[in-house]
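Participant: All residue numbers for the sequence shown refer to UniProt numbering, where the first residue is 1 and numbers rise by one. C-beta: ideal position from N, C-alpha, C; glycine also.
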Amino acid sequence: MNLSKRVAALTPSATLEITAKAKALKAEGHDVIALGAGEPDFNTPLHILEAAKNAMDEGLTKYTPAGGILPLKESIISKFEHDQNISYNSDEIIVCTGAKHALYTLFQVILDEGDEVIIPTPYWVSYPEQVKLAGGHPVYVEGKEEQAFKVTVDQLEEAVSSKTKAVIINSPSNPTGSIYTPDELEQIGAFCLKHDILIVSDEIYEKLVYDGAKHTSIAQLSDKLKQQTIIINGVSKSHSMTGWRIGYAAGRKEIIKAMTNLASHSTSNPTSISQYAALAAYEGSQEPVAEMKQAFEERLNTVYDKLNRIPGFTCVKPEGAFYLFPNAKEAAEKTGFNSVDDFVKGLLEEEKVALVPGSGFGSPENVRLSYATSLDVILEAIHRIERFVKAKQAV
1 MNLSKRVAAL
11 TPSATLEITA
21 KAKALKAEGH
31 DVIALGAGEP
41 DFNTPLHILE
51 AAKNAMDEGL
61 TKYTPAGGIL
71 PLKESIISKF
81 EHDQNISYNS
91 DEIIVCTGAK
101 HALYTLFQVI
111 LDEGDEVIIP
121 TPYWVSYPEQ
131 VKLAGGHPVY
141 VEGKEEQAFK
151 VTVDQLEEAV
161 SSKTKAVIIN
171 SPSNPTGSIY
181 TPDELEQIGA
191 FCLKHDILIV
201 SDEIYEKLVY
211 DGAKHTSIAQ
221 LSDKLKQQTI
231 IINGVSKSHS
241 MTGWRIGYAA
251 GRKEIIKAMT
261 NLASHSTSNP
271 TSISQYAALA
281 AYEGSQEPVA
291 EMKQAFEERL
301 NTVYDKLNRI
311 PGFTCVKPEG
321 AFYLFPNAKE
331 AAEKTGFNSV
341 DDFVKGLLEE
351 EKVALVPGSG
361 FGSPENVRLS
371 YATSLDVILE
381 AIHRIERFVK
391 AKQAV
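(1) Would you mind working out which of A190, G135, V117 sits nearest E161, comparing C-alpha positions?
(2) Can the beta-carbon of G29 be found closer than 8 Å to that of A354?
(3) Could you compute how far the alpha carbon of L348 sits from the alpha carbon of I197?
(4) Can you give the Cα-Cα distance for E206 and P311, rounded to whole angstroms?
(5) Beta-carbon separation of G360 and V340 under 8 Å?
(6) In angstroms with no decimal places, state the Cα-to-Cα distance between K100 and P120.
(7) For the beta strand (DSSP E) that contains L355, what are its first and last residues?
(8) For the structure I just gave you, are there three or more beta carbon pairs, one from the stretch 294-310 and one from the stretch 124-131, closer than 8 Å?
(9) List the endpoints of the continuous alpha helix (DSSP H) containing C192.
(10) Under DSSP, the alpha helix (DSSP H) around D202 begins and ends at which residues?
(11) Between the stretch 318-335 and the stretch 175-191, do at least 3 Cβ pairs fall closer than 8 Å?
(12) Specify the secondary structure class of S90 as computed by DSSP and reduced to three states.
(13) According to DSSP, is A166 helix, strand or coil?
(14) How would you call A394, buried or exposed, if buried means at least 16 neighbouring beta carbons within 10 angstroms?
(15) Ignore the nearest five residues each way along the sequence and tell me which others in M259's own chain have a CB closer than 7 Å to its CB.
(16) Would you grab the beta carbon distance between A280 and I48 for me? Rounded to a whole angstrom, and I think it's under 8 Å.
(17) Helix, strand or coil: how does DSSP classify L369 here?
(18) Is E330 near the ligand COA, with its Cβ less than 7 Å from a heavy atom?
(19) So, does the stretch 64-72 touch the stretch 82-96, judging by three or more C-beta pairs under 8 Å?
(20) Any idea what DSSP makes of E142, helix, strand or coil?
(21) For the beta strand (DSSP E) holding A250, just list the boundary residues, first then last.
(22) What are the boundary residues of the alpha helix (DSSP H) that V117 is part of?
This is the structure:
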């Protein structure tokens, strides 16, 4: 039996090989440090767990509306009003089975065969694959390190065509942690309005910003930009709820309606219990969110300089999320490897440290390290990386 062409066209994740190798080494009893985690290392806050238990005890375990329960939509609306001063109606919100599913559903309803989506690099690994699954064509624009991995309007103008349907903005970014300023967003917004291009604004890391940095949603800059933007967000990163699978999209009601119709034929609805847990996440105490953010900020500021002192590593300091994305090209070259991917494999084999190669994010000279793990573990990992580089260079 032949697989469908759309699935056959998918690019396997560049992280799979390194992840499989790390798990195999760990199973053999090796002391492996894995810094690939894309999730907080904190448990879901207690009041959220209690809300889920209460929902089960109260029998709230049945089907819900395909687009999510009204109380959660209303809580999301209140969150937008409080955090970004943006007003939405309930028919402009859809709750999905995670932010990833919100993105997938969005691309399915806005793209036809051959439509183009501008994707800045480095990008989150699923963006191009989801665009391809919807019949679209990813068009990459390089966010250069000297620009803190952010793209400019001049670059976007070179990439736009009559087939361009949307542009993705991920701020704060996975994998770089970069944040677009209001001025930069204004310029990108003007470009999108000029060409009538939909803005897909992935804001899943909005609560995790550090050292005085601020998150701005492009949709809050003007009514016109709000109408041009679909915001993607969720509780996975902000409230350490990755496994609960609750995300959402906010935007034009005709797009949200189409997404809801599609969801009704794909997932039926997000998990009922998880929706009530997400409701508690937004309506309960936000102190655990602040505590987690503070811990990440302390880790970042402790390990950043140490990472930059590793020979051949250079790193733009992130402003948000929980990743470091250093350039390791020089380190790979000086240690005798043909590529950063090979350097990552060698590091895992010899020092048992698993990093994520930047090739999976469209940036083959970089590696991604997550600091969503204990500070002692991160410092030990950096020690091993430095030992590995210095030993290889001395040979």
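Facilitator: A quick look at the data gives this:
(1) Before going further, note that residue 161 is Ser rather than Glu in the sequence given. Answer by Cα proximity: V117.
(2) no
(3) 43 Å
(4) 32 Å
(5) no
(6) 18 Å
(7) From DSSP, L355 is part of no beta strand (DSSP E); its letter is neither H nor E.
(8) no
(9) 182-195
(10) Here D202 belongs to no alpha helix (DSSP H); instead the beta strand (DSSP E) covers 198-202.
(11) yes
(12) helix
(13) strand
(14) exposed
(15) I94, T105, L106, V109, A249
(16) 5 Å
(17) strand
(18) Among the ligands in the structure shown, none appear at all, so the ligand COA cannot be discussed.
(19) yes
(20) strand
(21) 247-250
(22) Premise fails: V117 lies in the beta strand (DSSP E), 116-121, not in any alpha helix (DSSP H).
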